[in-house]
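Using numbering that gives the first Met the number 0, read the sequence shown as starting at 0 and increasing by one per residue. All C-beta atoms in this analysis are idealised placements derived from N, C-alpha and C, irrespective of residue type, glycine included. Since the model is a prediction, treat every value here as computed from it, not as a measurement. Step one of this worksheet: look at the structure below.
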Amino acid sequence: MSTIELDNRLERIEKLLLGSKKVLTFDEACDYTGISRSYMYKLTSSANIPFSKPNGKIIFFSREKLDNWMLENEHKTNREIEERASRYTSKKAWR
Numbered sequence: 000m001s002t003i004e005l006d007n008r009l010e011r012i013e014k015l016l017l018g019s020k021k022v023l024t025f026d027e028a029c030d031y032t033g034i035s036r037s038y039m040y041k042l043t044s045s046a047n048i049p050f051s052k053p054n055g056k057i058i059f060f061s062r063e064k065l066d067n068w069m070l071e072n073e074h075k076t077n078r079e080i081e082e083r084a085s086r087y088t089s090k091k092a093w094r
């Protein structure tokens, strides 16, 4: 990667960190999520990530929807599973 490309990428990252943009461009969404451009194209073309195309060409992303998408399919810790099981069995014992 050239110095110019790195400078451009750093500038986009700084804008993301400093700004409170609610809507991100394709490149900003890639930087924000850490997803490569090629994989992001794959996700958008297969409609596996939420995005908007208001004019039919340029892709935009809602930061809030990206956050929710990235946090989907949450895995519980062993402790959380054990606590839930304990509460469940306690309720069954009282019936």
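The residue from Glu81, Glu73, Arg8, Val22 with its alpha-carbon nearest to that of Lys52 is Val22. If you compare the alpha carbons of Gly55, Lys20, Arg86 with that of Glu63, the shortest gap goes to Lys20.
With fewer than 16 other Cβ atoms from the protein chains shown falling within 10 Å of its own Cβ, Glu82 counts as exposed.
Shown here, Leu70 sits in coil according to DSSP, grouped into three states, outside any helix or strand. Inter-segment contact for the region 84-91 and the region 40-60 is absent: fewer than three beta-carbon pairs are separated by less than 8 Å. In its chain, beyond the 5 residues on either side, Asp26, Glu27, Asp30 have a beta carbon closer than 7 Å to the beta carbon of Arg11.
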